[in-house]
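*Asks:*
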Amino acid sequence: MPRHDARTHYEAMLDIGYGYHFNDLCERLYRRVDFVFGAIGLIGGCAAATALLPTSGTAVAIAGITLAGNAIIERLIGASARAERHNEFKRRYWALRAEATGLTTTDLDRKLAQLQADGPNGLNGLASVAYNANVLAAGRDDATIPTSRWSRLLACLA
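Going by our numbering, the first residue of the sequence shown is number -7, and it counts up by one from there.
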């Protein structure tokens, strides 16, 4: 059902808060994913170093397969670059929040729409978690929504 009343400055501020929380959660998750793949690479590299030992045929094969698979998946996900992009947009949302008091709702909505259009795609599973974090930060305990198991798992990982 379409709205017939004007959007408020408070609602625009809630949208800014949501953008901040969503990008924060995505950034944290991608940083942890990057850490895991880095750790796998280091452990695999150490295992590959066992090639110097005379009886290391199987260990070297397993380490090689692990390193190759890790490198392919890490490249496909690009977790480090995604984390940086979400960090950039988290900062931009925070900067807009600081600027918001001097803006009209129309100007604020225009800048918010531009941020939303330019922003990175995140994980949809974190949307409800970000929404809840945002409304709780705004003191609206009554406005939280249920989250799926998938969302709760992603929130734990983030």
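The beta carbon of each residue, even a glycine, is placed where N, CA and C say it ideally should be.
If the criterion is Cβ atoms closer than 7 Å, does the pair Tyr22 and Arg74 meet it?
*Replies:* Along the sequence shown, read from residue 1 onward, the residue named residue 22 stands at position 30. Along the sequence shown, read from residue 1 onward, the residue named residue 74 stands at position 82. Yes, the pair counts as a contact, with Cβ atoms nearer than the cut-off.
*Asks:* So, at 7 Å on beta carbons, what are the nonlocal neighbours of Arg82 in its own chain, with the 5 sequence-adjacent residues on each side left out?
*Replies:* In the sequence shown, the residue the question calls residue 82 occupies position 90. Correcting the residue type first, residue 82 is Lys in the shown sequence and not Arg. Tyr12, Asn15, Asp16 and Glu19, listed in sequence order.
*Asks:* Would the beta-carbon of Thr136 fall within 7 Å of that of Val121?
*Replies:* Taking the first residue of the sequence shown as 1, we reach residue 136 at position 144. Taking the first residue of the sequence shown as 1, we reach residue 121 at position 129. It is not a contact, given that the beta carbons lie outside the stated cut-off.
*Asks:* Find out if the Cβ-Cβ distance for the pair Ser143, Gly114 is shorter than 7 Å.
*Replies:* Within the sequence shown, the letter at position 151 stands for residue 143. Within the sequence shown, the letter at position 122 stands for residue 114. No. Outside cutoff.
*Asks:* Counting Cβ pairs, one atom from each stretch, are 3 or more of them under 8 Å apart for the segment -7 to 0 and the segment 79 to 94?
*Replies:* Counting Cβ pairs under 8 Å, fewer than three are found: no touch.
*Asks:* Can you tell me whether His78 is buried or exposed? The criterion is at least 16 other CB atoms within 10 Å of its CB, across all chains shown.
*Replies:* Along the sequence shown, one-based indexing puts residue 78 at 86. It counts as buried.
*Asks:* For the alpha helix (DSSP H) holding Ser120, just list the boundary residues, first then last.
*Replies:* Residue 120 sits at position 128 when you count from the first residue of the sequence shown. Run containing Ser120: Ala119 to Ala129, per the alpha helix (DSSP H) assignment.
*Asks:* Specify the secondary structure class of Ser140 as computed by DSSP and reduced to three states.
*Replies:* Within the sequence shown, residue 140 is the residue found at index 148, counting from 1. Coil, per DSSP.
*Asks:* If we ignore side chains and look at the alpha-carbon of each, how far apart do Ile32 and Gly61 end up?
*Replies:* Numbered from its first residue, the sequence shown carries residue 32 at position 40. Numbered from its first residue, the sequence shown carries residue 61 at position 69. Distance between the alpha carbons of Ile32 and Gly61 is about 10 Å.
*Asks:* DSSP three-state label for Leu115, please.
*Replies:* Within the sequence shown, residue 115 is the residue found at index 123, counting from 1. Three-state result, Leu115: coil.
*Asks:* Is the beta carbon of Leu59 less than 7 Å from the beta carbon of Gly36?
*Replies:* Locating residue 59 in the sequence shown gives position 67, counting from the first residue. Locating residue 36 in the sequence shown gives position 44, counting from the first residue. Yes, these two residues count as a Cβ contact at 7 Å.
*Asks:* When the Cα of Lys169 is compared with those of Tyr85, Arg141 and Leu6, which residue comes out closest?
*Replies:* Nothing in the structure corresponds to residue 169, since the chain is present only between -7 and 150.
*Asks:* My output table needs one value for His(-4): the three-state DSSP class, helix, strand or coil.
*Replies:* What you label residue -4 is simply residue 4 of the sequence shown in a count that begins at 1. The answer is coil: DSSP assigns His(-4) none of H, G, I, E or B.
*Asks:* So with Cβ pairs under 7 Å, would you call Arg132 a contact of chain B?
*Replies:* In the displayed structure, chain B is absent; only one protein chain is listed.
*Asks:* Can you tell me whether DSSP reads Gly36 as helix, strand or coil?
*Replies:* Locating residue 36 in the sequence shown gives position 44, where the first residue counts as 1. The answer is helix: DSSP assigns Gly36 an H, G or I state.
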